[in-house]
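Protein chains: 2
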Amino acid sequence: MDTTSGPAKEPSLGVLGGMGPLAGAALAMRIVELTEAARDQEHISVILVNDPHVPDRSTACTAGGETPLPAMLHGIDILVRAGVDCVVVPCNTAHLWFDQLQAACPRPILHIVDAVIHDLQRHGIRDGTVGILGTPATLRLGLYQDRLRAAGYQPIIPDPAEAQALLVPSIAAVKSNHVDEAYPLAARAIELLRQRGAGSIVLGCTELPLAVPHARRPGLGIVLTDSIDALALQAIEWVGRRTEACGA
Amino acid sequence: MDTTSGPAKEPSLGVLGGMGPLAGAALAMRIVELTEAARDQEHISVILVNDPHVPDRSTACTAGGETPLPAMLHGIDILVRAGVDCVVVPCNTAHLWFDQLQAACPRPILHIVDAVIHDLQRHGIRDGTVGILGTPATLRLGLYQDRLRAAGYQPIIPDPAEAQALLVPSIAAVKSNHVDEAYPLAARAIELLRQRGAGSIVLGCTELPLAVPHARRPGLGIVLTDSIDALALQAIEWVGRRTEACGA
Numbered sequence: 001m002d003t004t005s006g007p008a009k010e011p012s013l014g015v016l017g018g019m020g021p022l023a024g025a026a027l028a029m030r031i032v033e034l035t036e037a038a039r040d041q042e043h044i045s046v047i048l049v050n051d052p053h054v055p056d057r058s059t060a061c062t063a064g065g066e067t068p069l070p071a072m073l074h075g076i077d078i079l080v081r082a083g084v085d086c087v088v089v090p091c092n093t094a095h096l097w098f099d100q101l102q103a104a105c106p107r108p109i110l111h112i113v114d115a116v117i118h119d120l121q122r123h124g125i126r127d128g129t130v131g132i133l134g135t136p137a138t139l140r141l142g143l144y145q146d147r148l149r150a151a152g153y154q155p156i157i158p159d160p161a162e163a164q165a166l167l168v169p170s171i172a173a174v175k176s177n178h179v180d181e182a183y184p185l186a187a188r189a190i191e192l193l194r195q196r197g198a199g200s201i202v203l204g205c206t207e208l209p210l211a212v213p214h215a216r217r218p219g220l221g222i223v224l225t226d227s228i229d230a231l232a233l234q235a236i237e238w239v240g241r242r243t244e245a246c247g248a
Numbered sequence: 249m250d251t252t253s254g255p256a257k258e259p260s261l262g263v264l265g266g267m268g269p270l271a272g273a274a275l276a277m278r279i280v281e282l283t284e285a286a287r288d289q290e291h292i293s294v295i296l297v298n299d300p301h302v303p304d305r306s307t308a309c310t311a312g313g314e315t316p317l318p319a320m321l322h323g324i325d326i327l328v329r330a331g332v333d334c335v336v337v338p339c340n341t342a343h344l345w346f347d348q349l350q351a352a353c354p355r356p357i358l359h360i361v362d363a364v365i366h367d368l369q370r371h372g373i374r375d376g377t378v379g380i381l382g383t384p385a386t387l388r389l390g391l392y393q394d395r396l397r398a399a400g401y402q403p404i405i406p407d408p409a410e411a412q413a414l415l416v417p418s419i420a421a422v423k424s425n426h427v428d429e430a431y432p433l434a435a436r437a438i439e440l441l442r443q444r445g446a447g448s449i450v451l452g453c454t455e456l457p458l459a460v461p462h463a464r465r466p467g468l469g470i471v472l473t474d475s476i477d478a479l480a481l482q483a484i485e486w487v488g489r490r491t492e493a494c495g496a
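These protein sequences, in sequence, are chains A and B. The first sequence lines up with residues 1 to 248 when you count with the numbering used here. The second sequence lines up with residues 249 to 496 when you count with the numbering used here.
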């Protein structure tokens, strides 16, 4: 039986999750919550591979740990064979392997940094200083900086000691289901970048939107763009354009 | 390439979701939140097929609508080919087709009613009157009643007019992302069963735990068992037993 044919004819999204697993599931949830739909059948078809055994992306980048690439390619293979039309990867650090993933994937992968830039524009922010929070690997290897500069922004990042002291434990707290402990650390990192001139902040690790829940954001006094919601909205828009182009 | 072999060797769970899509994503989220884990790699591997285009289960049962069975079997086929060891279906009404799904699936499917009974026992409730809330199809076709009686409980259900007036619009509100409108309707249905002697209530439609969020439950003054959380816990326990049996 060919699993690429089946009852579902609508465009289908593949989510390569598990990195971490709460972020993968949260993205699947936000795709539903952010879709305008009056009944089940108007929602978007999603397949989520939420495999948390993918080797740690940060350790691979910064400490010579096992590469996550084969496990990620295995997940992509499951998604493609299941018939998805487009792939999203709710893990910022994983995007350090974006070119290798896209080269091996016959479907488009939507880049999380493009989604975040689109979300900044959605908030009316078209230039100025943007603070980036993320894993030390993401920050050090410049995942966001070049694309933000090319789009007309001035990126700033925490210094390495702050990233170790605030962001690493905040992200680890989310991964171990201690979301409440994650908040004050992330909030402090946001405040430090605000004091240095950031007019908006990118939550550029998919654990950070879980550390800083929507209800607490208005109290922080700065525009936050959330890499989970930004990716969900980018995916929903992709499906909308595809559906329109196919005359569905 | 054989997608059933791959880097992940740990037991893997398949979730046949989309019915509705918020319930499917919520189950994936609750599996993560209810797992004891200190880092990503200690979480459970999950593949979620969240296809909301499966024909409506209730309409098929009560109004001669298109059968959802082929679409559900297509989803099971995707999960099995992706290498899952066990399947859960976060939709109570879909369990009216349980025997056909299990007959076509070479992996065990955990029955949602067994999960709920196990959860009642986890709450220390081993007998007495249990109120069931669900879709009219679930209630009328007795999905819960026989299994609850066999386990030593006395099931009671809303009358058909109450189910139409309270449960149908509450469930529809969740499916259209109007979760706040769903709560008062579900709370009224709970209160009516409490007045008729129910000592506990089964939220026996996977939209209802979303209609009655955890934070509002203590105010209702009755033990609620939640078919999403019950299924998540059953799945986590299954993986734990399987991991132990394999000496992992």
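The beta-carbon is built from N, C-alpha and C at its ideal position, and this holds for glycine as well. This one's a predicted model, so the numbers in the text were calculated from it and none came from an experiment.
Quick one: which residues of the stretch 278–294 of chain B get their C-beta closer than 9 Å to a C-beta of chain A? List them in chain order.
R278, I279, V280, E281, L282, T283, E284, A285, A286, R287, D288, Q289, E290, H291, I292, S293, V294
Does any CB atom of chain B fall closer than 7 Å to the CB of N92 of chain A?
In the first sequence, counting from the first residue as 1, residue 92 of chain A sits at position 92. Under the Cβ criterion of 7 Å, N92 of chain A is not counted among the residues facing chain B.
From S200 of chain A to L220 of chain A, what does the alpha carbon distance come to, in whole angstroms?
Start at 1 with the first residue of the first sequence, and residue 200 of chain A comes out as number 200. Start at 1 with the first residue of the first sequence, and residue 220 of chain A comes out as number 220. Near 11 Å, if we compare the C-alpha coordinates of L220 of chain A and S200 of chain A.
Whole-angstrom distance between S45 of chain A and C246 of chain A, CA atom to CA atom:
Translated into the one-based positions of the first sequence, residue 246 of chain A becomes position 246. Translated into the one-based positions of the first sequence, residue 45 of chain A becomes position 45. Approximately 16 Å, taken between the alpha carbons.
Give the interface partners of V306 of chain B over in chain A, defined as CB-CB distance under 9 Å, in chain order.
Reading the second sequence from its first residue, position 58 is the one you call residue 306 of chain B. One detail in the question is off: residue 306 of chain B reads as Ser in this sequence, not Val. Here the premise fails: no neighbours, minimum Cβ distance about 11 Å.
How long is the line joining the alpha carbons of E455 of chain B and R57 of chain A, rounded to whole angstroms?
Translated into the one-based positions of the second sequence, residue 455 of chain B becomes position 207. Translated into the one-based positions of the first sequence, residue 57 of chain A becomes position 57. Computed Cα separation, rounded: 35 Å.
How about H262 of chain B and L327 of chain B: are their beta carbons less than 7 Å apart?
Counting from 1 along the second sequence, the entry for residue 262 of chain B is found at position 14. Counting from 1 along the second sequence, the entry for residue 327 of chain B is found at position 79. At residue 262 of chain B the sequence reads Gly, which differs from the His that was named. Contact: yes.
Using a Cβ-Cβ distance under 7 Å, would P21 of chain A count as near chain B?
In the first sequence, the residue the question calls residue 21 of chain A occupies position 21. So, interface residue.
Residues from the stretch 407–435 of chain B in contact with chain A, defined by Cβ distance under 8 Å
A420, K423, S424, N425
Backbone CA spacing between R355 of chain B and V332 of chain B [nearest angstrom]
As a position in the second sequence, residue 355 of chain B is number 107, starting the count at 1. As a position in the second sequence, residue 332 of chain B is number 84, starting the count at 1. Each residue's alpha carbon lies about 8 Å from the other.
Pick out whichever of B:P408, B:H426, B:L396 has its Cα sitting closest to the Cα of L440 of chain B.
Along the second sequence, read from residue 1 onward, the residue named residue 440 of chain B stands at position 192. Comparing Cα positions, the closest option is B:P408.
In the stretch 305–366 of chain B, which residue ranges form an unbroken beta strand (DSSP E) of at least 3 residues, counting only runs that do not cross its ends?
Restricting attention to beta strand (DSSP E) runs no shorter than 3 residues, the stretch 305–366 of chain B encloses them at 334–336, ordered along the chain.
Around the Cβ of R149 of chain A, are there at least 16 other Cβ atoms within 10 angstroms (buried) or fewer (exposed)?
As a first step, residue 149 of chain A must be located in the first sequence, where it is residue number 149. Answer is exposed; the Cβ neighbour count stays below 16.
Of the residues B:A311, B:M267, B:T315, the one placed nearest L296 of chain B, counting alpha carbons only
On the second sequence, position 48 is the one that residue 296 of chain B refers to. Ranking B:A311, B:M267, B:T315 by Cα distance to L296 of chain B puts B:M267 first.
Please state whether the Cβ-Cβ distance between P269 of chain B and H214 of chain A is less than 7 Å.
Counting from 1 along the second sequence, the entry for residue 269 of chain B is found at position 21. Counting from 1 along the first sequence, the entry for residue 214 of chain A is found at position 214. No, the Cβ-Cβ distance between P269 of chain B and H214 of chain A is not below 7 Å.
Hey, does D51 of chain A have any beta-carbon neighbour from chain B nearer than 7 Å?
What you label residue 51 of chain A is simply residue 51 of the first sequence in a count that begins at 1. With 7 Å as the cut-off, D51 of chain A counts as an interface residue toward chain B.
Close Cβ partners of L358 of chain B (< 8 Å) along its chain, the five nearest in sequence each way excluded
As a position in the second sequence, residue 358 of chain B is number 110, starting the count at 1. Around L358 of chain B: C334, V335, V336, L479, Q482, A483, W486.
Determine the contact status of I228 of chain A and A26 of chain A, defining contact as a CB-CB distance below 7 Å.
Numbered from 1 along the first sequence, position 228 holds the residue referred to as residue 228 of chain A. Numbered from 1 along the first sequence, position 26 holds the residue referred to as residue 26 of chain A. Their beta carbons are under 7 Å apart, which means I228 of chain A touches A26 of chain A by this criterion.
Who are the Cβ neighbours of S418 of chain B in its own chain at under 6 Å, not counting the five residues just before and after it?
For the purposes of this step, residue 418 of chain B is identified with residue 170 of the second sequence, where counting begins at 1. Hits under 6 Å: A430, L433, A434, A459.
Whole angstroms are fine: how far does the CA of R242 of chain A sit from the CA of P11 of chain A?
Sequence index remark: in the first sequence, residue 11 of chain A carries index 11 (1-based). Sequence index remark: in the first sequence, residue 242 of chain A carries index 242 (1-based). About 7 Å.
Tell me the rounded alpha-carbon separation between A63 of chain A and L141 of chain A.
Here residue 63 of chain A corresponds to residue number 63 of the first sequence, with the count starting at 1. Here residue 141 of chain A corresponds to residue number 141 of the first sequence, with the count starting at 1. Going from the Cα of A63 of chain A to the Cα of L141 of chain A covers about 13 Å.
Sequence ranges, beta strand (DSSP E) only - wholly within the stretch 428–473 of chain B, length at least 3:
448–451
Where does the unbroken alpha helix (DSSP H) through I279 of chain B begin, and where does it stop?
Residue numbering aside, residue 279 of chain B sits at position 31 when the second sequence is read from its first letter. It spans 269–281 - the alpha helix (DSSP H) in which I279 of chain B sits, taken as one unbroken run.
Determine the DSSP secondary structure at T386 of chain B, reduced to helix, strand or coil.
Position 138 of the second sequence, counted from the start, is the residue given in the question as residue 386 of chain B. Helix, per DSSP.
Against chain A, which members of the stretch 307–327 of chain B pass a CB distance test of less than 8 Å?
P318, A319, H322, D325, I326
Using only CA atoms, which one of B:D375, B:H366, B:R444, B:G265 lies nearest to L321 of chain B?
As a position in the second sequence, residue 321 of chain B is number 73, starting the count at 1. It is B:G265 whose Cα lies nearest to the Cα of L321 of chain B.
Quick one: measure Cβ to Cβ for A137 of chain A and L96 of chain A, integer angstroms, because I've assumed they're closer than 8 Å.
Counting from 1 along the first sequence, the entry for residue 137 of chain A is found at position 137. Counting from 1 along the first sequence, the entry for residue 96 of chain A is found at position 96. At roughly 7 Å, the Cβ-Cβ gap stays under 8 Å, so A137 of chain A and L96 of chain A are in contact.
For R107 of chain A, which residues in chain B fall below 9 Å Cβ to Cβ?
Numbered from its first residue, the first sequence carries residue 107 of chain A at position 107. Identification of chain B residues near R107 of chain A by a Cβ-Cβ cut-off of 9 Å yields none; the smallest Cβ-Cβ distance measures about 16 Å.
Range covered by the beta strand (DSSP E) that runs through V46 of chain A
To locate residue 46 of chain A, count along the first sequence from 1; it is residue 46. First-last of the beta strand (DSSP E) with V46 of chain A: 45–50.
DSSP state of L391 of chain B mapped onto helix, strand, coil:
Locating residue 391 of chain B in the second sequence gives position 143, counting from the first residue. Coil, per DSSP.
What did DSSP end up calling P403 of chain B once you bin it into helix, strand or coil?
Taking the second sequence and counting its residues from 1, one reaches residue 403 of chain B at position 155. The answer is strand: DSSP assigns P403 of chain B an E or B state.
Check V239 of chain A in the structure and name its three-state DSSP category.
What you label residue 239 of chain A is simply residue 239 of the first sequence in a count that begins at 1. Three-state DSSP puts V239 of chain A in a helix.
Could you spell out the range, first to last residue, of the alpha helix (DSSP H) harbouring I419 of chain B?
Here residue 419 of chain B refers to the residue found at position 171 when the second sequence is read from its first residue. Counting along the chain, I419 of chain B sits inside the alpha helix (DSSP H) bounded by residues 416–423.
So that I know if they touch, is there some Cβ in chain A lying closer than 7 Å to that of L458 of chain B?
Within the second sequence, numbered from 1, the residue matching residue 458 of chain B stands at position 210. By this cut-off, L458 of chain B is not an interface position.
Contact under 7 Å by Cβ, T473 of chain B with L391 of chain B
If you number the second sequence from 1, residue 473 of chain B lands on position 225. If you number the second sequence from 1, residue 391 of chain B lands on position 143. No, these two residues do not count as a Cβ contact at 7 Å.
Is I476 of chain B helix, strand or coil by DSSP?
As a position in the second sequence, residue 476 of chain B is number 228, starting the count at 1. In the structure shown, I476 of chain B sits in a helix (DSSP, three-state: H, G or I).
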